[in-house]
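Worksheet for the structure shown next.
Numbering (UniProt numbering), first residue to last: 1 to 39.
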């Protein structure tokens, strides 16, 4: 899509999880980490 495939050695979407983060969705692991950090 961006034409940078030849400039990088590895391309991954993180199994789709990264795409969900880009869509603004909150991943369960992130929710747990945020709650633990908040105390």
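Each residue gets a CB set at the ideal place from its N, CA and C atoms; glycine is no exception.
- DSSP places residue 21 within a helical segment (H, G or I) once states are collapsed to three.
- In the structure shown, residue 7 adopts helical secondary structure according to DSSP, grouped into three states.
- Under the three-state reduction of DSSP, residue 33 is assigned to helix.
- Residue 23 and residue 15 have their alpha carbons spaced roughly 14 Å apart.
- Distance from the CA of residue 8 to the CA of residue 17, rounded to the nearest whole angstrom, comes to 20 Å.
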